[in-house]
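For the protein sequence lines, the chains are A and R, in the order given. FYI, in numbering that gives the first Met the number 0 the residues of the first sequence are 0 to 380. FYI, in numbering that gives the first Met the number 0 the residues of the second sequence are 0 to 360.
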Amino acid sequence: MRTTRFAVLALAALLLGGALWAGGALGQAQRFPALGPLPAVPSPPDNPMSEAKVELGKLLFWDTRLSGDVSTSCATCHDPKLGWGDGGALSRGYPGTEHWRNSQTVLNAAYFSKLFWGGEVTSLESQASAAATGNVAGNGDPIMMEERLRQVPEYVRRFKEVFGVERPTIGMAWMAIAAFERTLVSKAGQVPFDRYARGDQSALGPEARRGLALFQGKAGCIQCHNGPLLSDESYHNLGVQRNPAFENTPLRQITLRYQHVIRGVSETLYRSADRDLGLYYTTKQEADKGKFRTPSLRELRYTAPYMHNGVFGTLEEVIEFYNRGGDDNLNKSPLMRPLGLSEQEKKDLLAFLLSLSSDQPLIVEPPDLPAYAPMKVEARP
Amino acid sequence: MKGFAAFVGLIGIVLSAGAAAGQALAPLPPLEPPKKEQVELGKSLFFDPRLSGDGGVSCDSCHDPATGWGDGKALSTGYPGSEYFRNAQTLLNAAYYKRNYWDGRMAGPDLPTTVRDHLTEAHFMQVDGRLFVERLRQVPEYEEMFQKAFNGEPTFGRTLNAVAAFLKTIVSRNAPIDRYLKGDSAALAAAAREGLTLFQGKAGCIQCHNGALLSDQKFHALGVPGNADVFANPLRHITFRRFFRTLGAPNTENYRGDPGLYGVTKDRADWGKFRTPGLREVSRTAPYMHNGSLATLEDVAAFYDRGGGQRGNKSALLRPLGLTDAEKRALVEFMKSLSGDPVVIERPDLPDYKLRKLGQN
């Protein structure tokens with residue numbers, strides 16, 4: 000079974016490698032990791048998958064008690080019905096605040112080695128923790144959240160079953176959520192492009208096939224969107240225009256400045272803060288200003304709007320953006336250049352992009368959450 | 000009877016000790032007046048929910064002028080999603096204490112730090128101090144008020160100082176007892192005068208409730224009955240357990256009652272001890288005790304008359320008093336004479352967020 004899968008992957012890689020080389024219009028003899036179906040989901044050795052853990056993680060994903068004022072669960076900003084994002088250009092954020100970046104899809108997040116737009120964390124486990132405790136996201140206090148879990152008998156039972164502990168710990172909650180998220184991945188059989196890559200020629204129509212060639216050739220998308228995930232997991236500045244929300248929404252302005260404060264930029268930079276500096280907050284390297292982690296293109300059909308600040312509502316807008324070589328920005332990547340695509344080519348590219356999404360969206364219905372119950376502690380008279 | 004004699008003897012000693020230490024009842028000494036502009040700013044901030052994590056609670060949510068600057072509930076509510084496990088104390092005269100909170104975990108003279116604790120702790124207002132500063136910077140009126148009050152823009156520390164300045168103005172004035180102590184014998188009716196005598200004599204209240212504040216500023220275990228809701232209501236129990244874990248108190252899983260000062264000192268002798276509250280304005284600050292378990296002043300008088308509660312570590316000062324019904328009523332009348340002119344604060348209109356010019360911060 001394992002060998003067969005490997006063989007299929009290898010075949011797909013060959014096939015696509017061939018397609019890649021055919022796209023000579025890129026004008027550079029560069030080779031990029033081949034497109035193809037996703038491999039099996041990786042899971043860290045210290046957090047192995049189990050059915051019970053995934054089930055527990057699913058409950059926790061929807062549980063608002065994993066936030067400060069019990070208003071906000073993971074699903075609040077990562078709603079299955081909104082492509083596992085929140086559908087807004089910029090994420091809604093914790094009550095009393097408005098977030099400053101687009102809420103990314105959880106779909107296939109399991110394959111990334113860095114998460115968030117700035118790649119600030121390196122595992123789903125730490126992403127869950129960072130989101131639940133971040134002051135403009137979940138604003139949860141770890142010990143408070145842990146004590147809440149301990150006061151839910153059903154959770155106590157499940158944590159014991161899954162982790163063998165008498166009392167839930169908050170770290171284990173993040174592990175369970177991560178395990179659940181590792182099930183939220185594209186299934187090759189349901190993705191037209193993956194079926195095509197496995198040899199089903201009929202899975203892509205002529206437009207999408209031409210789009211694939213453009214993707215790897217004239218349009219140059221493959222330079223960053225490569226490999227089974229269609230992301231190089233690297234950081235690039237595309238010259239994405241600013242989201243006007245930062246000019247016309249007080250709460251967004253607050254969050255923008257707040258981020259500059261908590262990420263430790265200089266006083267000068269704080270005083271002039273007018274945009275999201277992306278990777279710079281982590282590295283403090285001038286060259287990293289405005290760089291964001293390349294997102295996957297899988298399930299794109301369901302995950303509008305696009306870009307770190309959600310400025311594009313449709314894929315057509317995204318294609319226009321790349322076709323004009325991006326917009327003005329300091330530090331724009333030299334990879335961004337006008338593409339000179341014809342109207343037909345844009346349609347072809349769109350058809351290919353759409354073929355990277357499952358035929359039907361991956362929906363998980365919200366579970367019924369277990370209730371608090373008093374602990375068996377008797378207050379003395 | 001023998002016990003009673005010993006008790007009377009004890010009172011005599013305490014009274015003379017109290018007098019020797021200068022802890023006689025007296026009007027409150029004036030505080031150093033805070034800067035007017037800081038008070039004005041602090042008043043706005045006091046009522047502003049933007050000083051909480053989700054913008055849902057402000058200081059007055061639990062310290063409402065309309066309910067004696069507490070929240071009128073036995074146990075306080077706390078941050079949304081949690082319920083607190085102690086009574087919200089009045090802020091009237093809060094600036095006079097040497098230690099703050101029921102368990103005295105904060106230093107009194109450093110009022111701004113107690114304000115900070117309220118803002119940032121998960122069970123109260125759960126806000127990030129860097130976030131609310133940016134919120135304040137989004138309100139031009141606040142920028143102006145900070146300039147006037149501190150010659151500078153909003154900062155974390157200035158915010159705390161402004162609220163503390165406002166708290167220094169929430170002081171009880173002109174209580175009948177004060178007029179009486181100044182020589183206006185008509186200020187107390189006969190029953191209240193009898194109550195005063197009992198307070199300082201047979202009832203022994205003065206042992207702990209002495210000085211201008213009517214608090215010895217010390218900690219005592221009264222054996223107050225537990226408030227069952229702390230353990231029966233998961234939301235309170237969660238807050239309770241988290242709180243003692245974060246204090247670094249040992250063995251918190253097994254607590255069956257509020258350890259009080261012990262949570263701070265970890266000294267077994269301090270189990271169940273709480274800071275003596277001042278009795279000024281007490282008629283306006285029901286319910287009573289650290290867990291609000293006594294609803295009325297009559298309940299309080301009855302509680303002391305039976306020698307306090309039954310819980311372990313109870314102070315030796317508490318013994319049955321043998322008060323008659325009339326004496327208990329007199330005590331209550333005296334306690335009512337400790338309330339002065341109501342401290343009325345008009346709720347300020349809070350200024351809205353406005354847009355700033357992007358990039359000019």
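Every residue gets a Cβ at the ideal spot worked out from N, C-alpha and C, and that includes glycine.
Measuring straight from C-alpha to C-alpha, what distance separates Gly-299 of chain R and Arg-279 of chain R? In the second sequence, counting from the first residue as 1, residue 299 of chain R sits at position 300. In the second sequence, counting from the first residue as 1, residue 279 of chain R sits at position 280. Correcting the residue identity first, residue 299 of chain R is Val in this sequence and not Gly. Taking the straight line from one Cα to the other gives about 15 Å.
Within chain R, the residues that Ile-253 of chain A reaches when beta carbons sit closer than 7 Å: Your numbering for residue 253 of chain A matches position 254 in the first sequence. Residues of chain R passing the Cβ test: Glu-133, Arg-134 and Gln-137.
Distance, Cα to Cα, Phe-145 of chain R vs Gln-37 of chain R? As a first step, residue 145 of chain R is located in the second sequence; it is residue number 146 there, counting from the start. As a first step, residue 37 of chain R is located in the second sequence; it is residue number 38 there, counting from the start. In this structure, the straight-line span from the alpha carbon of Phe-145 of chain R to that of Gln-37 of chain R is close to 8 Å.
In chain order, what residues of the same chain have a beta carbon less than 6 Å from the beta carbon of Asp-275 of chain A, not counting five sequence neighbours either side? The residue labelled residue 275 of chain A in the question sits at position 276 within the first sequence. Counting only residues of its own chain and dropping the five nearest sequence neighbours on each side, Asp-275 of chain A has no CB closer than 6 Å to any other CB.
N-terminal and C-terminal residue of the alpha helix (DSSP H) that Trp-173 of chain A is part of: As a position in the first sequence, residue 173 of chain A is number 174, starting the count at 1. Per DSSP, Trp-173 of chain A belongs to the alpha helix (DSSP H) from 169-180.
Proximity of Gly-41 of chain R and Val-126 of chain R at Cβ, strictly below 8 Å: One-based indexing of the second sequence puts residue 41 of chain R at position 42. One-based indexing of the second sequence puts residue 126 of chain R at position 127. No. Outside cutoff.
Separation of Glu-165 of chain A from Glu-350 of chain R, as counted between CA atoms: In the second sequence, counting from the first residue as 1, residue 350 of chain R sits at position 351. In the first sequence, counting from the first residue as 1, residue 165 of chain A sits at position 166. Before going on, a small fix: residue 350 of chain R reads as Pro here, not Glu. For Pro-350 of chain R and Glu-165 of chain A, the distance between alpha carbons rounds to 50 Å.
Would you say Ser-15 of chain R faces chain A, with C-beta separation under 8 Å as the test? For the purposes of this step, residue 15 of chain R is taken as residue 16 along the second sequence, with counting starting at 1. Note on Ser-15 of chain R: pLDDT 41, under 50, position unreliable in the model; the coordinate value appears next. Taking a beta-carbon distance threshold of 8 Å, Ser-15 of chain R does not count as an interface residue toward chain A.
Since I believe Val-69 of chain A is in contact with Gly-80 of chain R (beta carbons under 8 Å), could you give me their beta-carbon distance rounded to a whole number of angstroms? Counting from 1 along the second sequence, the entry for residue 80 of chain R is found at position 81. Counting from 1 along the first sequence, the entry for residue 69 of chain A is found at position 70. Indeed, because the Cβ distance is near 3 Å, the residues count as touching under 8 Å.
What does Gln-146 of chain R reach in chain A if we use C-beta pairs closer than 7 Å? Within the second sequence, residue 146 of chain R is the residue found at index 147, counting from 1. Ordered by position in chain A, no residue passes the 7 Å Cβ test against Gln-146 of chain R, which lies about 17 Å from the chain.
Just mark Gly-82 of chain A as buried or exposed, buried being the case when its beta carbon has 16 or more other beta carbons within 10 Å. Sequence index remark: in the first sequence, residue 82 of chain A carries index 83 (1-based). Gly-82 of chain A is buried by the Cβ-count criterion.
Determine whether the Cβ of Pro-233 of chain R lies closer than 8 Å to any Cβ atom of chain A. Translated into the one-based positions of the second sequence, residue 233 of chain R becomes position 234. Yes, Pro-233 of chain R counts as interfacial toward chain A.
Considering only their Cβ atoms, is the gap separating Gly-103 of chain R from Val-263 of chain R smaller than 8 Å? Against the second sequence, residue 263 of chain R aligns to sequence position 264. Against the second sequence, residue 103 of chain R aligns to sequence position 104. Taking 8 Å as the Cβ cut-off, Val-263 of chain R and Gly-103 of chain R qualify as a contacting pair.
Could you check which residue in A:Ala-33, A:Leu-329, A:Glu-298 and A:Asp-326 has the C-alpha nearest to that of Val-190 of chain A? Residue numbering aside, residue 190 of chain A sits at position 191 when the first sequence is read from its first letter. Of A:Ala-33, A:Leu-329, A:Glu-298 and A:Asp-326, the smallest CA-CA separation from Val-190 of chain A is found for A:Glu-298.
With a threshold of 8 Å, are at least 3 pairs of Cβ atoms found where one atom belongs to the segment 228-247 of chain A and the other to the segment 357-376 of chain A? Between the segment 228-247 of chain A and the segment 357-376 of chain A, the count of C-beta pairs closer than 8 Å stays below three; the two stretches do not touch.
Chain R within 8 Å of Tyr-110 of chain A, Cβ atoms only: Working through the first sequence from its first residue, we reach residue 110 of chain A at position 111. Output row for Tyr-110 of chain A: interface = no.
Among R:Gly-308, R:Leu-24 and R:Glu-332, whose alpha-carbon lies nearest the alpha-carbon of Lys-181 of chain R? Numbered from its first residue, the second sequence carries residue 181 of chain R at position 182. Cα-wise, what sits closest to Lys-181 of chain R is R:Leu-24.
Output, in chain order, the set of chain A residues within a Cβ distance shorter than 7 Å of Ser-314 of chain R. Here residue 314 of chain R corresponds to residue number 315 of the second sequence, with the count starting at 1. Simply none; closest approach about 18 Å.
So what does Ile-120 of chain A bridge to, in DSSP terms? Residue mapping note: residue 120 of chain A aligns to position 121 of the first sequence, counting from 1. The identity of residue 120 of chain A in the sequence shown is Val, whereas the question assumes Ile. Answer is A:Leu-114.
Listed from N- to C-terminal order along the chain, which residues in the segment 148-166 of chain R have their beta-carbon within a distance smaller than 8 Å of any beta-carbon of chain A? From the segment 148-166 of chain R, no residue has a Cβ closer than 8 Å to chain A.
In three-state terms, what does DSSP make of Leu-293 of chain R? Counted from its first residue, the second sequence places residue 293 of chain R at position 294. If DSSP states are grouped into helix, strand and coil, Leu-293 of chain R belongs with the strands.
Tell me, please, which residues DSSP counts as bridged to Lys-361 of chain R. No information on residue 361 of chain R is available, as it lies outside the stretch 0 to 360 that chain R covers here.
Under DSSP, the alpha helix (DSSP H) around Asp-228 of chain R begins and ends at which residues? As a position in the second sequence, residue 228 of chain R is number 229, starting the count at 1. First-last of the alpha helix (DSSP H) with Asp-228 of chain R: 228-231.
Compare the C-beta of Gly-170 of chain A with all C-beta atoms of chain R and state if any pair is closer than 8 Å. Here residue 170 of chain A refers to the residue found at position 171 when the first sequence is read from its first residue. Taking CB atoms only, Gly-170 of chain A has no neighbour in chain R less than 8 Å away.
Since I believe Pro-32 of chain A is in contact with Gly-226 of chain A (beta carbons under 8 Å), could you give me their beta-carbon distance rounded to a whole number of angstroms? Translated into the one-based positions of the first sequence, residue 226 of chain A becomes position 227. Translated into the one-based positions of the first sequence, residue 32 of chain A becomes position 33. About 4 Å separates the CB atoms of Gly-226 of chain A and Pro-32 of chain A; that is less than 8 Å, so the two are in contact.
Quick test of your reading: Arg-134 of chain R and Ile-261 of chain A, contact by CB under 8 Å. State the CB separation rounded to the nearest angstrom. By one-based count along the second sequence, residue 134 of chain R stands at place 135. By one-based count along the first sequence, residue 261 of chain A stands at place 262. Between Arg-134 of chain R and Ile-261 of chain A a beta carbon distance of about 14 Å is seen, past the 8 Å cut, so the two are scored as non-contacting.
Gln-22 of chain R burial status per 10 Å Cβ neighbour count (16 or more: buried): Residue numbering aside, residue 22 of chain R sits at position 23 when the second sequence is read from its first letter. Buried, since its Cβ has 16 or more Cβ neighbours within 10 Å.
Of all the options R:Asp-63, R:Pro-111, R:Lys-327 and R:Ala-164, which has the alpha carbon lying nearest to the alpha carbon of Leu-30 of chain R? Indexing the second sequence from 1 puts residue 30 of chain R at position 31. When each option's Cα is compared against that of Leu-30 of chain R, the closest is R:Ala-164.
Kindly indicate if chain R contains any beta-carbon less than 8 Å away from that of Gly-92 of chain A. Mapped onto the first sequence, residue 92 of chain A falls at position 93. For Gly-92 of chain A, the answer is no, since every Cβ of chain R falls outside 8 Å of its Cβ.
Residues in the segment 229-252 of chain A with C-beta within 9 Å of chain R's C-beta atoms, listed in sequence order? Correct list: Arg-241, Phe-245, Glu-246, Asn-247, Thr-248, Pro-249, Leu-250 and Gln-252.
Report yes if the C-beta distance between Leu-213 of chain A and Leu-34 of chain A is below 8 Å; otherwise report no. Walking along the first sequence from the start, residue 213 of chain A turns up at place 214. Walking along the first sequence from the start, residue 34 of chain A turns up at place 35. Cβ atoms of Leu-213 of chain A and Leu-34 of chain A: not closer than 8 Å.
Delimiting residues of the alpha helix (DSSP H) encompassing Arg-115 of chain R: As a position in the second sequence, residue 115 of chain R is number 116, starting the count at 1. In the DSSP assignment, Arg-115 of chain R falls within the alpha helix (DSSP H) that extends over 110-119.
By DSSP, does Phe-291 of chain A sit in helix, in strand, or in coil? Position 292 of the first sequence, counting from 1, holds the residue named residue 291 of chain A. Residue state, collapsed to three classes: strand.
If you measure from the beta carbon of Ser-411 of chain A to each beta carbon in chain R, is any gap under 8 Å? A question about residue 411 of chain A goes unanswered here, because the residues of chain A that appear run from 0 up to 380.
Look at the alpha carbon of Ala-285 of chain R and the alpha carbon of Ala-65 of chain R, and state the distance between them as a whole number of angstroms. Residue 285 of chain R sits at position 286 when you count from the first residue of the second sequence. Residue 65 of chain R sits at position 66 when you count from the first residue of the second sequence. Rounded to the nearest angstrom, the two C-alpha atoms are 12 Å apart.
Between Arg-267 of chain R and Leu-260 of chain R, what straight-line distance do the alpha-carbon atoms span, to the nearest angstrom? Counted from its first residue, the second sequence places residue 267 of chain R at position 268. Counted from its first residue, the second sequence places residue 260 of chain R at position 261. Those two C-alpha atoms are separated by around 9 Å.
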